[in-house]
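Each residue of the sequence shown is one higher than the one before, starting from 0 at the first, in numbering that gives the first Met the number 0.
A virtual CB, placed ideally from N, CA and C, is assigned to each residue, including glycine.
Note that the structure is a prediction, hence the values are computed from the model and not measured.
Here is the structure we will look at, set down as structure tokens.
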Amino acid sequence: MSRSEWIIDRQEALGTRGMVAAKHEIAAEVGASVLEDGGNAIDAAVATAFAVGVVEPFMSGIGGGGLMLVHSAATGDTIALDFGMCAPLAAHPDLYTLLPGTSATRFGWRAVEGDANVHGPLAIAVPGTVAGLATAAERWGTRPLAELLQPAIRLAREGFPVSWHTSLEMAQDAELLARYPSTRAIFTRNGLPLPVFTGLQPTMLRQPDLARSLEAIARRGAETFYRGELGKTLIEGLRSLGAILTEEDLARYRVRIAAPLWGRYRACRVATAPAPSGGPTLLESLHIMDCFDLRASGHNTDRTLHILIEAFRQAFVDRFTYLADPDFVPVPVDALTDPSYARERAQEIGEDARTRIEPGQPSRLGIEQVFERSLPNYGAGSTTHICVVDRWGNAVTLTQTLLSAWGSRIVAPGTGILMNNGMFWFDPEPGRANSIAPGKRPLANMTPTLVFTGGQFLLALGAMGGRRIINAIAQIISNVVDHRMGIQAAISAPRVDCSVQPTAVSSRIPEAVIARLRERGHTLQVVREDFADVPFASPVGILRDDEGMLHGGANPYYPAMVIGLE
Numbered sequence: 000m001s002r003s004e005w006i007i008d009r010q011e012a013l014g015t016r017g018m019v020a021a022k023h024e025i026a027a028e029v030g031a032s033v034l035e036d037g038g039n040a041i042d043a044a045v046a047t048a049f050a051v052g053v054v055e056p057f058m059s060g061i062g063g064g065g066l067m068l069v070h071s072a073a074t075g076d077t078i079a080l081d082f083g084m085c086a087p088l089a090a091h092p093d094l095y096t097l098l099p100g101t102s103a104t105r106f107g108w109r110a111v112e113g114d115a116n117v118h119g120p121l122a123i124a125v126p127g128t129v130a131g132l133a134t135a136a137e138r139w140g141t142r143p144l145a146e147l148l149q150p151a152i153r154l155a156r157e158g159f160p161v162s163w164h165t166s167l168e169m170a171q172d173a174e175l176l177a178r179y180p181s182t183r184a185i186f187t188r189n190g191l192p193l194p195v196f197t198g199l200q201p202t203m204l205r206q207p208d209l210a211r212s213l214e215a216i217a218r219r220g221a222e223t224f225y226r227g228e229l230g231k232t233l234i235e236g237l238r239s240l241g242a243i244l245t246e247e248d249l250a251r252y253r254v255r256i257a258a259p260l261w262g263r264y265r266a267c268r269v270a271t272a273p274a275p276s277g278g279p280t281l282l283e284s285l286h287i288m289d290c291f292d293l294r295a296s297g298h299n300t301d302r303t304l305h306i307l308i309e310a311f312r313q314a315f316v317d318r319f320t321y322l323a324d325p326d327f328v329p330v331p332v333d334a335l336t337d338p339s340y341a342r343e344r345a346q347e348i349g350e351d352a353r354t355r356i357e358p359g360q361p362s363r364l365g366i367e368q369v370f371e372r373s374l375p376n377y378g379a380g381s382t383t384h385i386c387v388v389d390r391w392g393n394a395v396t397l398t399q400t401l402l403s404a405w406g407s408r409i410v411a412p413g414t415g416i417l418m419n420n421g422m423f424w425f426d427p428e429p430g431r432a433n434s435i436a437p438g439k440r441p442l443a444n445m446t447p448t449l450v451f452t453g454g455q456f457l458l459a460l461g462a463m464g465g466r467r468i469i470n471a472i473a474q475i476i477s478n479v480v481d482h483r484m485g486i487q488a489a490i491s492a493p494r495v496d497c498s499v500q501p502t503a504v505s506s507r508i509p510e511a512v513i514a515r516l517r518e519r520g521h522t523l524q525v526v527r528e529d530f531a532d533v534p535f536a537s538p539v540g541i542l543r544d545d546e547g548m549l550h551g552g553a554n555p556y557y558p559a560m561v562i563g564l565e
């Protein structure tokens, strides 16, 4: 039987004087304009990040948080910025009323009455995006914050055309968007998703209240958001709806600036975000993979995929067992990312799938207990990612998010700011490493990553897609390093994902390979990729070749864009 299958891919972008990769074309154009005008990678990343929060409001914005790595070509230093969301001071471990069984949501936590940790006022955590972007611009940028905010202000005030993708995201969440009046007024038309066209003209999405909030930040800096009038208005509006955030929560917020988490893969050094993020799990995965000759076993053969699945599942068992905010609980990051630990785990990988994978201490959860809380939940994605490299060789990789698509679904009245649902990242059950505590940061999935070879920058990578981000980044690195793929081919290649049970496998992987994986004992769910469903993470990346040429790639199933300056 023969089928007329889609063949979907992208052409690599090329650049010699800089490159911007983003999940929305308009945002990428903003960053490219900053580079063209002489700004550096940090300037371009900050401008792009503010802009993408306007044109891709369902994924990120100033009501959310993020993680960023900044590499300075002049000094060779690489810095990590954690501006993730944190729990309000009034939050406590038993904040939510728990119900029997698990929740049919993307994390599969214990069920919460009314899904109060997923949407609504009690799902909102303290936002960090404004602080993070302002800090990056002040410390490493060359342009004033007010200047970098102008494109976002213009897009919010004048509007931009509603794309099929924006309309689809509105349709997928229309019921919840319509539940909250301040959100309904902006992102629906009488409770229905905005159409792509109104008559013969494109429908424009305008956000005048958000434009005024961004203008206030441009005039007075991040101070007005965290200790000034804008913050006061934000808190008053949210508390009128039942949120527990206070002005003290905003005033106490701090960006964490530290060295990145470093690891190795083959001859490369890998920098990624410290805990609580996807970084430790990525490095544990890569270190286990590094124990096997994947180039010899071949790209996406059953032998290679068997090793990847075993490595990923071990790393996720350890992730769910141990990882949390290290400022609140002991987190054995050094042990989990130690190559000697990876070698021990690699020795346990045989020719057949393991039915149990124990983390480091046998008293901890086994694979059945861990993955019963990790339910497949495809559909609408969340989060956005930006990569920038400038003409001087500086590089930025930046992931920012509201967490779920549309976050809490609440726009803070009078501000136009769509708020996150960062509390959803916490395990709602008390007594666990990632349980709720006042001021604590939840375990995030964001995994911005930089790869270096011979002391030179090689790759900037990141993705949207929740827990699926981590396995995607590991496979792209292997595709480039082991299998000598270009960046677009490495991103476009079919993948597996082990953050869910059963393991998700792309239908683009040959049926014979899938059959042999099942013979090895793997339980698999074959999933089809298309524009309306997101069974895998959606990455973007920039690769620098030996001659200094920049190559950019993006997920072909998502309306992203990479722009290179020639």
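Just tell me which of 15, 406, 66, 195 has its CA closest to the CA of residue 118.
Here residue 118 is taken as the residue at index 119 of the sequence shown, counted from 1. Taking only the C-alpha atoms, the option nearest residue 118 is 406.
Roughly how many whole angstroms lie between the Cα atoms of residue 4 and residue 429?
On the sequence shown, position 5 is the one that residue 4 refers to. On the sequence shown, position 430 is the one that residue 429 refers to. Cα to Cα, the separation comes out at about 48 Å.
If you follow the beta strand (DSSP E) that residue 18 is in, where does it begin and where does it stop?
Position 19 of the sequence shown, counting from 1, holds the residue named residue 18. 17-21 is the extent of the beta strand (DSSP E) around residue 18.
Please list the segments of the alpha helix (DSSP H) lying wholly inside the stretch 431-515, counting only runs of 4 or more residues, in order along the chain.
For the stretch 431-515, whole alpha helix (DSSP H) runs of length 4 or above, ordered along the chain, are 467-480, 486-491.
Quick one, which of 322, 202, 22, 440 has its alpha-carbon nearest residue 158's?
Stepping through the sequence shown from its first residue, residue 158 is reached at position 159. If we check each option's Cα against that of residue 158, 202 comes out closest.
Taking the C-alpha atoms as reference points, what is the distance between residue 385 and residue 41?
Reading the sequence shown from its first residue, position 386 is the one you call residue 385. Reading the sequence shown from its first residue, position 42 is the one you call residue 41. Rounded to whole angstroms, residue 385 to residue 41 spans 11 Å at the Cα level.
Any contact of the stretch 20-39 with the stretch 121-135, i.e. 3+ C-beta pairs under 8 Å?
no
What does the alpha-carbon distance come out to for the pair residue 550 and residue 145?
Here residue 550 is taken as the residue at index 551 of the sequence shown, counted from 1. Here residue 145 is taken as the residue at index 146 of the sequence shown, counted from 1. So the two alpha carbons sit approximately 31 Å from each other.
Note down, in chain order, each residue of its chain lying with its Cβ closer than 7 Å to the Cβ of residue 276, except the 5 sequence neighbours on either side.
Mapped onto the sequence shown, residue 276 falls at position 277. Correct list, in chain order: 66, 443, 445, 446.
So the beta strand (DSSP E) residue 220 belongs to, where does it begin and stop?
On the sequence shown, residue 220 is found 221 positions in, with the first residue counted as 1. Neither: residue 220 is in no beta strand (DSSP E) and is coded neither H nor E.
Just to confirm, is the Cβ distance from residue 259 to residue 68 under 7 Å?
If you number the sequence shown from 1, residue 259 lands on position 260. If you number the sequence shown from 1, residue 68 lands on position 69. Yes.
Where residue 486 and residue 472 are concerned, what is the direct C-alpha to C-alpha distance, given to the nearest angstrom?
Counting from one through the sequence shown, the residue named residue 486 turns up at place 487. Counting from one through the sequence shown, the residue named residue 472 turns up at place 473. The alpha-carbon atoms of residue 486 and residue 472 are separated by roughly 12 Å.
Give the single residue among 484, 250, 58, 210 whose Cα lies nearest to the Cα of residue 298.
Residue mapping note: residue 298 aligns to position 299 of the sequence shown, counting from 1. Minimum Cα distance to residue 298 is reached at 484.
Please report the straight-line C-alpha distance between residue 211 and residue 414, rounded to a whole angstrom.
To locate residue 211, count along the sequence shown from 1; it is residue 212. To locate residue 414, count along the sequence shown from 1; it is residue 415. Straight-line Cα distance between these residues: approximately 7 Å.
Please confirm if the stretch 531-547 is in contact with the stretch 453-461, defined as three or more CB-CB distances below 8 Å between the two stretches.
yes
For residue 563, name the three-state secondary structure that DSSP assigns.
As a first step, residue 563 must be located in the sequence shown, where it is residue number 564. Residue 563 falls in the strand class under three-state DSSP.
Whole angstroms is fine: what's the gap from residue 367's alpha carbon to residue 452's?
As a first step, residue 367 is located in the sequence shown; it is residue number 368 there, counting from the start. As a first step, residue 452 is located in the sequence shown; it is residue number 453 there, counting from the start. With a pLDDT of 44 at residue 367, under the threshold of 50, the modelled position of that residue is not reliable, and the figure given next carries that caveat. One C-alpha to the other measures close to 38 Å.
Which of helix, strand or coil does DSSP assign to residue 84?
In the sequence shown, residue 84 corresponds to position 85, counting from 1. Coil.
Look at residue 525 and residue 504 and say whether their C-beta atoms are less than 7 Å apart.
Locating residue 525 in the sequence shown gives position 526, counting from the first residue. Locating residue 504 in the sequence shown gives position 505, counting from the first residue. Note that the C-beta distance between residue 525 and residue 504 is below 7 Å.
When you compare only the Cα positions, how much space is there between residue 181 and residue 165?
The sequence position of residue 181 within the sequence shown is 182, counting from 1. The sequence position of residue 165 within the sequence shown is 166, counting from 1. If I take the Cα positions, the gap works out to 18 Å.
Using beta-carbon positions only, say whether residue 231 and residue 324 come within less than 7 Å of one another.
Here residue 231 corresponds to residue number 232 of the sequence shown, with the count starting at 1. Here residue 324 corresponds to residue number 325 of the sequence shown, with the count starting at 1. In this structure, residue 324 does not lie closer than 7 Å to residue 231 by Cβ.
Excluding the 5 residues flanking residue 558 on each side, which residues of the same chain have their C-beta closer than 6 Å to its C-beta?
On the sequence shown, position 559 is the one that residue 558 refers to. Here the set comprises 164.
Quick one: Cα of residue 285 to Cα of residue 309, how far?
Start at 1 with the first residue of the sequence shown, and residue 285 comes out as number 286. Start at 1 with the first residue of the sequence shown, and residue 309 comes out as number 310. For residue 285 and residue 309, the distance between alpha carbons rounds to 12 Å.
What span of residues does the beta strand (DSSP E) with residue 524 cover, start to end?
For this step, residue 524 is matched to residue 525 along the sequence shown. Note, residue 524: beta strand (DSSP E), 523-526.
Beta-carbon within less than 6 Å of residue 291's beta-carbon, same chain only, minus the 5 sequence neighbours each way: which residues are those?
Taking the sequence shown and counting its residues from 1, one reaches residue 291 at position 292. Result list for residue 291: 306, in chain order.
Which same chain residues, not among the five before or five after residue 46, have their C-beta less than 7 Å away from its C-beta?
Walking along the sequence shown from the start, residue 46 turns up at place 47. Within its own chain, the residues whose Cβ lies closer than 7 Å to the Cβ of residue 46, once the five positions on either side in sequence are excluded, are 29, 30, 33, 147, 150, listed in chain order.
Helix, strand or coil: which one does DSSP assign to residue 99?
Residue numbering aside, residue 99 sits at position 100 when the sequence shown is read from its first letter. The DSSP-derived three-state label of residue 99 is strand.
At what residues does the alpha helix (DSSP H) containing residue 41 begin and finish?
Taking the sequence shown and counting its residues from 1, one reaches residue 41 at position 42. That run of the alpha helix (DSSP H) goes 40-54.
Rounded to the nearest angstrom, what separates residue 25 and residue 293 at their Cα positions?
Along the sequence shown, one-based indexing puts residue 25 at 26. Along the sequence shown, one-based indexing puts residue 293 at 294. One C-alpha to the other measures close to 38 Å.
Under 8 Å, with one C-beta from each stretch per pair, do the stretch 521-536 and the stretch 493-507 reach the 3-pair mark?
Pairwise C-beta distances place the stretch 521-536 in contact with the stretch 493-507, as three or more of them are shorter than 8 Å.
Give the range of the alpha helix (DSSP H) segment to which residue 321 is assigned.
For the purposes of this step, residue 321 is identified with residue 322 of the sequence shown, where counting begins at 1. Run containing residue 321: 301-321, per the alpha helix (DSSP H) assignment.
Taking the straight line between their C-alpha atoms, what separation do you get for residue 218 and residue 137?
Working through the sequence shown from its first residue, we reach residue 218 at position 219. Working through the sequence shown from its first residue, we reach residue 137 at position 138. In a straight line, the C-alpha of residue 218 is about 15 Å away from that of residue 137.
Below 7 Å between beta carbons: does that hold for residue 423 and residue 402?
The sequence position of residue 423 within the sequence shown is 424, counting from 1. The sequence position of residue 402 within the sequence shown is 403, counting from 1. A contact, by the Cβ cut-off of 7 Å.
Take the Cβ of residue 378 as the centre, count every other Cβ of all protein chains shown within 10 Å, and call the residue buried at 16 or more, exposed below.
Along the sequence shown, one-based indexing puts residue 378 at 379. Low local confidence applies: a pLDDT of 45 at residue 378 is under 50, so the model's placement there is unreliable, and no value is given.
Closer than 8 Å is the cut-off here; do at least three beta carbon pairs connect the stretch 240-253 with the stretch 82-96?
The stretch 240-253 is in contact with the stretch 82-96.
Around the Cβ of residue 273, are there at least 16 other Cβ atoms within 10 angstroms (buried) or fewer (exposed)?
In the sequence shown, residue 273 corresponds to position 274, counting from 1. Classification for residue 273: buried.
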